[in-house]
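Below: one structure, written as structure tokens.
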Amino acid sequence: ASGWGGQYMADVSTGLKIARLQPDIFEIDFMRMSDVSPKRLAKNDLTFNFWGDMSIAIQENKHPLAKTIMGVQKDCHNLRHYPEWNYYEWVLHKSRYMKQCIKAGIPMIPTIFIDKGFKGKAVLKQIQAKGWGKFLCKPAYLSFFGQGVIHGKTQDFVDNFEPFLQYEKDNKHQKEFLVQPYMLKPNGDVFDEIRNFFVDGEWKYSVFTDGTDYDGFYEQPPGALKEACKALAIRAYSEVKKVSNWEGKPIDTLLSRIDIGVVPDKSLKLGYKIFVNEIEPQMTTWLGRYCPYEIADLMGNACISQARKILKLTLEKGRKLPDKEKVRKLLEILDERLGPVTK
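Heads up: the sequence shown begins at 27 in our numbering, then just goes up one per residue.
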């Protein structure tokens, strides 16, 4: 976005867009991650977190700040912090959403779930029992950007068990892990993804991401593969909706990204094997450069919609707000201007 003295990132542009769409309704309080505190959030009617959550603070080794942010996130209803804690935790615990999706019959990568800490000998035995020639193991909670991964040929770990022992020692603080076979394309490269974006409860766009080329991004073109991945993502989003709520009432997520793994397979009618690889909350890259919409327009309107839904439920619950009656009146004005809002 431009026009305010320079170029801005999508999250900042979204805040600016909200203010421009309804200038007499919204005042925007931009915060850095280091600004987050219960006192700061209590002054606001609602806070959308686009990036600076506890997992980012932990990644940056800012543990006191992570503790503060976790406290804010857990007290989401009183402090009106979105996303809601239980939904957020469901996404961060990859094994939770994976098991739920598998139970619903949604295809995913074959996975060994480890829920009580990494025990090298037991894990290697399970890998061998699966017959996996190559595997990847990673923490299932608070892990991203390839952190905490160990992988390689199974036989190499049989021949030399020491790396597994060291991994066990290095990860004693972790309880949950995922172990999966290599999912490779016929050329030997890691599988690609088609990332599907749901905004305010609706599928909006999808972006192809190459498994190895970090410049390999583009809007997924129309066709059978796009539609198949969209359909699978919609099935996965139906599971997201089962856990997304505010004050105990169902509510669509502001933004969810559902990544569909893609492996060429000529034996299949589609020509590809597809599966759900990951589910991400709004604290993720929106890949706005490849979005067929102006991302700030899309997200600005979505935030207004979400604010109306969240604050109505907050008022119904009787939560404390800086000025309840003012909020109530402003919501009535938005209802008159924009019509009723659904979940």
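Idealized CB from N, CA, C, for every residue including glycine.
Just so you know, these numbers come straight off a predicted model, no measurement behind them.
Item: Going by C-alpha to C-alpha distance, which of Pro212, Ile220, Pro165, Pro109 sits closest to Asn197?; Value: Pro165
Item: Indicate whether Asp278 and Lys267 have their beta-carbon atoms separated by less than 9 Å.; Value: yes
Item: Which same chain residues, not among the five before or five after Phe234, have their C-beta less than 6 Å away from its C-beta?; Value: Ile220, Tyr244, Gln246
Item: Determine which residues share a DSSP beta bridge with Trp229 and list them.; Value: Phe224
Item: Using CA atoms only, rank isn't needed, just tell me which of Pro276, Asn303, Arg261, Lys230 is closest to Gly131.; Value: Arg261
Item: Using CA atoms only, rank isn't needed, just tell me which of Phe301, Lys142, Gln181, Phe187 is closest to Ala155.; Value: Gln181
Item: Would you tell me roughly how many angstroms separate the C-alpha atoms of Arg58 and Ser121, rounded to the nearest one?; Value: 30 Å
Item: Where do the ends of the beta strand (DSSP E) carrying Asp285 lie?; Value: 281-290
Item: Check whether the segment 63-70 and the segment 295-309 touch, using three or more Cβ-Cβ pairs below 8 Å as the test.; Value: no
Item: In whole angstroms, what separates the C-alpha of Phe139 from that of Pro133?; Value: 16 Å
Item: Closest to Leu191 by CA distance: which of Pro248, Gln48, Glu202, Ala148 is it?; Value: Ala148
Item: If you measure between the beta carbons of Asn75 and Met309, is that distance less than 9 Å?; Value: yes
Item: So for Asp178, helix, strand or coil by DSSP?; Value: It should be pointed out that residue 178 corresponds to Gly in this sequence rather than to Asp. Of the three classes helix, strand and coil, the one that applies to Gly178 here is strand, per DSSP.
Item: What is the residue span of the alpha helix (DSSP H) that Phe190 lies within?; Value: 188-196
Item: Quick one: Cα of Leu210 to Cα of Ala250, how far?; Value: 21 Å
Item: Tell me where the alpha helix (DSSP H) around Asn104 begins and ends.; Value: 102-105
Item: Can you look up Leu91 in the DSSP assignment and give me helix, strand or coil?; Value: helix
Item: For Cys255 and Tyr231, I'd like the C-alpha separation in whole angstroms.; Value: 11 Å
Item: With a floor of 4 residues, list each alpha helix (DSSP H) that falls wholly inside the segment 306-344, ordered by position along the chain.; Value: 321-343
Item: With a 10 Å radius around its C-beta and 16 neighbouring C-beta atoms as the bar for buried, classify Phe224 as buried or exposed.; Value: buried
Item: Going by beta-carbon coordinates alone, are Gly107 and Leu168 separated by less than 9 Å?; Value: Correcting the residue identity first, residue 107 is His in this sequence and not Gly. For His107 and Leu168, no; Cβs fall outside 9 Å.
Item: Below 8 Å on the Cβ atoms is my guess for Phe56 versus Val38; work out the distance and round it to an integer in Å.; Value: 7 Å
Item: Taking 7 Å as the limit between beta carbons, can you name the residues of its chain near Pro290, skipping five residues before and five after?; Value: Lys211, Pro212, Gly297, Tyr298
Item: Excluding the five sequence neighbours on either side, which residues of its own chain have a C-beta within less than 7 Å of the C-beta of Gly41, listed in chain order?; Value: Ile54, Phe56
Item: Relative to the C-alpha of Gly1, which candidate in Asp239, Tyr316, Met80, Gly146 has its C-alpha closest?; Value: This structure cannot settle anything about residue 1, because the visible part of the chain is limited to 27 through 369.
Item: Would DSSP call Asp218 helix, strand or coil?; Value: strand
Item: Between the alpha carbons of Glu342 and Trp272, how many angstroms are there, rounded?; Value: 11 Å
Item: Determine, using beta carbons only, whether Phe187 and Leu162 come nearer to each other than 9 Å.; Value: no
Item: To the nearest angstrom, report how far apart Gly78 and Gly242 are at their CA atoms.; Value: 26 Å
Item: Following the continuous alpha helix (DSSP H) through Glu115, name the residue where it begins and the one where it ends.; Value: 111-118
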